[in-house]
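Colleague: Got a structure for you, questions after.
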Amino acid sequence: MAEIKLTIDGKPCTARPGQTILEAAKASGIYIPALCHYEGLKPSGSCRICTVKVNGRPAAACTQPVAEGLVVETATPELEDMRRALVEMLFVEGNHFCPSCEKSGNCELQALAYRFGMLVPRFPYQWSVREIESVSPRLLMEHNRCIQCRRCVEAIRTPDGRRVFAAQERSGRLRIGVDPELAAGLDEDTARKAMAICPVGAILYKEVGFAVPIGRRKYDRSPIGSDIETK
Amino acid sequence: MTNIETIIQRHAGDPTRLLDMLRDVQAARGCVDRVSRAALAKALRMSEADVEGIVSFYHFFSRTPAGRYAVYLNTNVIAWMNGRAAVARAFEREAGVRFGRTAPDGLIGLFQTSCIGMNDQEPSAVINGVVFTRLTEAKVKDIVAGMRAGRPAAELVGELGDGANQHALVRAMVANNIRAAGPVVFGPHEPGRGLRKAVGLTPEAVIAEVKASNLLGRGGAGFPTGLKWDFCRREKGDRHYVVCNADEGEPGTFKDRVILTERPGLLFEGMAVAGYAVGAAEGILYLRAEYAYLKPYLESVLDGLRREGLLGKGAAGKAGFDFDIVIKLGAGAYICGEESALIESAEGKRGEPRDRPPFPVQVGYLNEPTIVNNVETLCCAARIMAEGAAWFKSMGTAKSAGTKLLSVSGDCERPGVYEVAFGLTVRQLLDMAGAPGAAAVQVGGPSGSCIGPDGFKRAICFGDLPTGGSIMIFGPERDLLEVVRGFMEFFVEESCGWCVPCRAGNVLLLRKLEKVLDGKGNARDLEELVAWGAVVKTTSRCGLGQTSANPILTTLANFRGLYEARLRSGADADAVLDFDLAAAMEASCRAAGRPIPSPEAHHG
Amino acid sequence: MSKPVIATASLAGCFGCHMSLLDIDDRILKLIELVEFHKSPIDDIKTFTKPCDIGLIEGGCCNHENVEVLRSFRKHCKTLVAVGECAVMGGLPALRNGIPIKDCLEEAYLRTPTTEGNTVIPNDEELPVILDKVYPCHEIVKVDAFLPGCPPSADLIWEALTALLEGRPLKLTYDLIKYD
Ligand SMILES: Cc1cc2nc3c(=O)[nH]c(=O)nc-3n(C[C@H](O)[C@H](O)[C@H](O)COP(=O)(O)O)c2cc1C
Ligand code: SF4
Ligand code: SF4
Ligand code: FES
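So the sequence lines, in the order shown, correspond to chains A, B and C.
Its first residue numbered 1, the first sequence is counted upward by one per residue in our numbering.
Its first residue numbered 1001, the second sequence is counted upward by one per residue in our numbering.
Its first residue numbered 2001, the third sequence is counted upward by one per residue in our numbering.
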């Protein structure tokens, strides 16, 4: 298959047809911050944190396919500020009290905020009223922390393809609903996968949490994306 | 009560017709309750959570009873300017229930809804699918009395509107208000002439003719129609589709409604021309739920066209060209006007936009190559085939050929539809509409731009002031920033919620705007409005979020003084002005039964 | 030259952030050399008698007294620092923010399993008035610097203090910013 040539942040890169800009960048050791994206899942393009400029126009790197000759900018001060603003929006939209979260230290939202050096969001807290739901004998849904990335919607299905998690309502009222019957029927592996796939502490497998001591969690020592950058 | 199974069977258990099923369930049971959702989920092999996701996405479906009469009162700014407040109060008084609720006896439910395409005859409402316009307190009294007497909503319609609004299958009190009939859409047209000419050519030649006409899409974005058709024709697929976008949701536009009422034959002819050009056998008219009252009439027009041989097997006498059209109804969601969201909705799903690429011309309805065109665009295409590209290009400007239908509303003597040649200045339009004293004009709906008198010399055309057709006029006595607030509330409500900047960012913009309107803002807040607006605009996933900050951004650019006058004068730029200690203490003092101390009374 | 003056306060917090300040180990001796503590629970000085250079605020504002203390800190301190999650974003106390204050008070004073007989929501005039929600400090007064963490690590507090005293920008290495 023909190779595609493009430049990312001034660096000449090659990519395979069908790859996204995010994938091409990663293969070239360039980390584009991303949140809703999850390797192997159809990207939802919902968080927009991977926004880059492609030939001067904004596009989400996780959904935008590569093409010959593209000039991609990923790290201009303007883009970095916007990316950070999106992370900050998520922190004020939901209720993210990290000290009491099972996912703290392993949370991708928090990790991005750390990477961006967020000390306080620029936006006022919204104190939205959300609930905590026991959705099955195995799973808890902590809606306060859900960032509506839709990974669970896409990934967690019954063997016959029905969705266990589904987006409901719209606008700021959007929430991820859980089908109680289907959730109750989830086997242990799928339930654990649901917790693992959730970037934040919204899907919780009951009776686990805080298992890894502070200091040894995924993002305690090195920033999210550093594995890509040091390759 | 209609049985769910019957409804499912009526629609062949076809998941792409889920919206039709839901519509029937809603009509039969007053809501789509848990039992119905479970039955639908089972029949369509979906999860109940998924069905609930679809039900809750659309405005006209409800999970709890909406009342035997469900009143959806329009809430756009023009309605407010025309006395909506008094009408709303009258509804609440007469029905004995507040907006957002259903009366305990289950008879009447009162709800708000975004623009229903009646801006030239506000205040208006949709009740059980029937449109009521130019509402007054007296009319409301009669309507509610009729409901109490158990009369069907259709019987409560007073005087009928003009033209085909009086047709036995329409019988609507809606008025067309055609103020200027131009040569393209409202000009004389021999039915079928454009299509017959088209099928006499090769599809490639039809596309070449449309390209030569320079026709640009009339839905707002202005994409070259011929090019879109060409892309679609070149795509390989099992079948190609033509979709007509009759969602007309941009606040302030209603010209597609008038076309659907007065020129449906021309529209269907245009769809057939498009179908021939791209190689499609099926056309879909996606009709917004607010216009459902037109559906029986439109169906009868389609039947007529089939009888005349202009649709169906060997359409227009062309062997092998078997083109026909189905009508699909929306269910109340502005975002469904966005073409990829429209396709999702037409497939029976939540109307959430798709990522592009791939574009609908590549991967569209049922993942097949699909063109989506506006109602007016398709009418133009039929006329271009009938009269030729040169004729079309002789009107308008070099870049914007032909005419444009404008929906004019607000503070003017003659609100209604104007078909004008592109290039008309705003000032000329204001003179035609009888609005010599206009202080501001919103061109292109909330997502367009708001201009003041120094912009009235600008021309309505692509390249200067593009518009899908919405023109809202505001006189000097209007509070423009309240209009901006109304527009932002609209976007907050209508965001599909998929992406972060639009879902969360618009709420933050609205809150910030409210802070300024409440007199609690300072210069930094205006800077932040601009900066936050840029984030939403740049990072949003679809056209809604990419333009939703425009009401704020364009008024900040053109009417900055209005904002500055609201700032707390003399306040230090660092001061936090929106914390109100007395207000923050009120609720707990009341709960504890103690007086609210004055802030000075205590010292920590 | 007189030493820079520091004031501290704990509003709706748990004193954990103050503990973390003390947790800078032997650097505390250096700190005492560098600065003078004014109004602070550390030295029990209760009122401002002079302007201060740095004010450290732990906790958000859950009652009107918190607001008044915060405002007087803003008035007397050149640089105001929000220390810890509660000061920055309301923290644990703000978990009540989604619940109407009336319900909170009724739950706490009228409906608990241990209340019996004629109970009332306390309403003595001497008591601070609870606010409708817990506010982060910067939603009430301007805050100049933010040190997140529950509590912020001693190292972060030390870095912030030394940076402020030396008048240089904060060097926030990756390990210093943590929200838990
Ligand atoms: C939020 C949003 C709403 C839209 N609403 C409509 C609409 O109601 N009618 C319409 O024709 N186009 C609408 N559009 C534009 C369509 O996406 C699409 O561009 C148009 O239907 C293409 O037809 P045209 O090329 O004939 O204009 C909307 C776009 C967005 C982003
Ligand atoms: S529950 Fe988790 S995975 Fe699912 S949408 Fe919310 S944040 Fe994403
Ligand atoms: S911009 Fe708004 S309407 Fe468009 S995808 Fe994002 S949330 Fe949905
Ligand atoms: S990672 Fe690309 S939009 Fe979320």
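The beta-carbon is built from N, C-alpha and C at its ideal position, and this holds for glycine as well.
Quick caveat: nothing in here was measured; it's all calculated off a predicted structure.
(1) Using the Cβ count rule (16 or more neighbours within 10 Å means buried), how would you classify Thr1539/B?
(2) Taking one C-beta from the segment 1193 to 1201 of chain B and one from the segment 1310 to 1328 of chain B each time, how about it: are there three or more such pairs within less than 8 Å?
(3) Hey, is Cys2150/C's beta-carbon within less than 7 Å of any beta-carbon in chain A?
(4) What whole-angstrom Cβ distance do Cys1380/B and Gly1402/B have, given they're in contact under 8 Å?
(5) What's the gap between the Cα of Val1025/B and the Cα of Ile1004/B?
(6) Give every residue of the same chain whose Cβ lies closer than 8 Å to the Cβ of Ala34/A, excluding the five residues on either side of it in the sequence, and list them in chain order.
(7) Check for me: the beta strand (DSSP E) holding Leu2011/C runs from which residue to which?
(8) Determine the closest residue to Gln64/A out of Gln148/A, Thr20/A, Ala196/A and Ala166/A, with distance taken between C-alpha atoms.
(9) So what's Gly1312/B in DSSP terms, helix, strand or just coil?
(10) Within 7 Å of any Cβ in chain B, is that where the Cβ of Lys2142/C sits?
(11) In angstroms with no decimal places, state the Cα-to-Cα distance between Gly1396/B and Phe1231/B.
(12) For Ile1207/B, which option in Asp1120/B, Lys1228/B, Tyr1069/B and His1059/B has the closest C-alpha, if you only look at C-alpha atoms?
(13) Assign Glu207/A to one of two classes, buried (16 or more other C-beta atoms within 10 Å of its C-beta) or exposed (fewer than that).
(14) Compile a chain-ordered list of the residues in the segment 2081 to 2106 of chain C whose CB is closer than 8 Å to at least one CB of chain B.
(15) Identify each residue in the segment 116 to 130 of chain A for which the Cβ-Cβ distance to at least one residue of chain B is less than 9 Å, and report them in chain order.
(16) At 4 residues or longer, what runs of the alpha helix (DSSP H) sit wholly inside the segment 2050 to 2110 of chain C?
(17) Return the residue from the list Ile1552/B, Arg1414/B, Glu1413/B and Ala1346/B that minimises the CA-CA distance to Pro1446/B.
(18) Using the rule of at least 16 other Cβ atoms within 10 Å of the residue's Cβ for burial, across every protein chain shown, is Thr1261/B buried or exposed?
(19) Distance check for Ser1056/B and Leu1022/B, CA to CA, integer angstroms please.
(20) Quick check: the segment 1566 to 1575 of chain B against the segment 1518 to 1537 of chain B, are at least 3 beta-carbon pairs closer than 8 Å?
(21) What residues of chain A sit near Lys2171/C, judged by a beta carbon separation below 9 Å?
(22) Mind checking whether the beta-carbon of Leu35/A lies closer than 6 Å to any heavy atom of ligand 4?
(23) Look at Lys1141/B and Glu1094/B and say whether their C-beta atoms are less than 7 Å apart.
(24) To the nearest angstrom, how far is the alpha carbon of Pro1589/B from that of Pro2136/C?
(25) Between Ile2177/C and chain A, is any beta-carbon pair separated by less than 7 Å?
(26) Can you grab the Cα-Cα spacing for the pair His1606/B / Asn1176/B, in whole Å?
(27) Have a look at Gly225/A, Leu140/A, Ala2/A and Pro180/A and flag the residue whose alpha-carbon is nearest the alpha-carbon of Met195/A.
(28) So which of Phe91/A, Ile32/A and Pro121/A has the shortest CA-CA distance to Glu80/A?
(29) If the criterion is Cβ atoms closer than 7 Å, does the pair Ala1438/B and Ile1471/B meet it?
(30) So what's Ser46/A in DSSP terms, helix, strand or just coil?
(31) Cα separation between Lys2075/C and Tyr114/A?
(32) Please report the Cβ distance between Val2083/C and Glu2065/C, rounded to the nearest whole angstrom; I am assuming they are in contact, meaning their Cβ atoms lie under 8 Å.
(33) Quick one: residues in its chain with C-beta nearer than 6 Å to the C-beta of Val2120/C, no 5 flanking neighbours on either side, listed in chain order?
(34) At what residue ranges does the segment 1420 to 1460 of chain B contain a whole run of the beta strand (DSSP E), taking only runs of 3 or more?
(35) Look up Pro2169/C in the DSSP assignment and say whether it is helix, strand or coil.
(36) For Val1273/B, name the three-state secondary structure that DSSP assigns.
Modeller: Let me lay it out:
(1) With 16 or more Cβ atoms within 10 Å of its Cβ, Thr1539/B is classed as buried.
(2) Segments in contact, yes.
(3) By this cut-off, Cys2150/C is an interface position.
(4) About 6 Å separates the two Cβ atoms, so the contact holds.
(5) One Cα belongs to Val1025/B, the other to Ile1004/B, and the distance between them is close to 7 Å.
(6) Take Ala34/A, set aside five residues on each side of it, and the residues of its chain with a beta-carbon closer than 8 Å to its own are Leu22, Cys47, Ile49, Cys50, Ala61 and Cys62, in chain order.
(7) No beta strand (DSSP E) holds Leu2011/C; DSSP gives it neither H nor E.
(8) Ranking the options by Cα distance to Gln64/A, first place goes to Thr20/A.
(9) The three-state reading of DSSP puts Gly1312/B in strand, counting E and B together.
(10) Chain B, which has a Cβ nearer than 7 Å to the Cβ of Lys2142/C, makes this yes.
(11) If you take the alpha carbons of Gly1396/B and Phe1231/B, they lie about 26 Å apart.
(12) With distances taken between Cα atoms, Ile1207/B lies closest to Lys1228/B.
(13) It is exposed - the Cβ of Glu207/A has fewer than 16 other Cβ atoms within 10 Å.
(14) Cβ contacts with chain B: Pro2100, Ile2101, Lys2102, Leu2105 and Glu2106.
(15) Interface annotation for the segment 116 to 130 of chain A against chain B: Arg122, Phe123, Pro124 and Gln126, criterion Cβ-Cβ distance under 9 Å.
(16) The alpha helix (DSSP H) runs lying completely inside the segment 2050 to 2110 of chain C and spanning 4 residues or more are 2064 to 2076, 2085 to 2089 and 2101 to 2109, given in chain order.
(17) Selected option, being the one with the closest Cα: Ile1552/B.
(18) Buried.
(19) Rounded to the nearest whole angstrom, the C-alpha separation of Leu1022/B and Ser1056/B is 11 Å.
(20) Yes, the segment 1518 to 1537 of chain B is in contact with the segment 1566 to 1575 of chain B.
(21) Under the 9 Å cutoff, chain A gives no residues; its nearest Cβ is about 11 Å from Lys2171/C.
(22) In this structure, ligand 4 has a non-hydrogen atom nearer than 6 Å to the beta-carbon of Leu35/A.
(23) Less than 7 Å separates the beta-carbon of Lys1141/B from that of Glu1094/B.
(24) In the sequence under discussion, the amino acid at residue 1589/B is Cys, which differs from the Pro named in the question. Using only the alpha carbons, I get a separation of about 21 Å.
(25) Nearest CB-CB separation between Ile2177/C and chain A: below the 7 Å threshold.
(26) Since the first and last residues shown for chain B are 1001 and 1604, residue 1606/B lies out of range.
(27) The option with the nearest alpha carbon to Met195/A is Leu140/A.
(28) That would be Ile32/A, whose Cα lies nearest to the Cα of Glu80/A.
(29) Ile1471/B sits away from Ala1438/B, with the two beta carbons spaced by 7 Å or more.
(30) It is coil, neither helix nor strand.
(31) Lys2075/C and Tyr114/A have their C-alpha atoms some 32 Å from each other.
(32) Actually they do not touch by this definition, with Cβ atoms about 19 Å apart.
(33) In its own chain, leaving out the 5 sequence neighbours on each side, no residue places its CB closer than 6 Å to the CB of Val2120/C.
(34) Runs of beta strand (DSSP E) with 3 or more residues, each lying fully within the segment 1420 to 1460 of chain B, are found at 1440 to 1443 and 1449 to 1451, listed in chain order.
(35) Pro2169/C sits in coil when the DSSP states are folded into three classes, being neither helix nor strand.
(36) In the structure shown, Val1273/B sits in a helix (DSSP, three-state: H, G or I).
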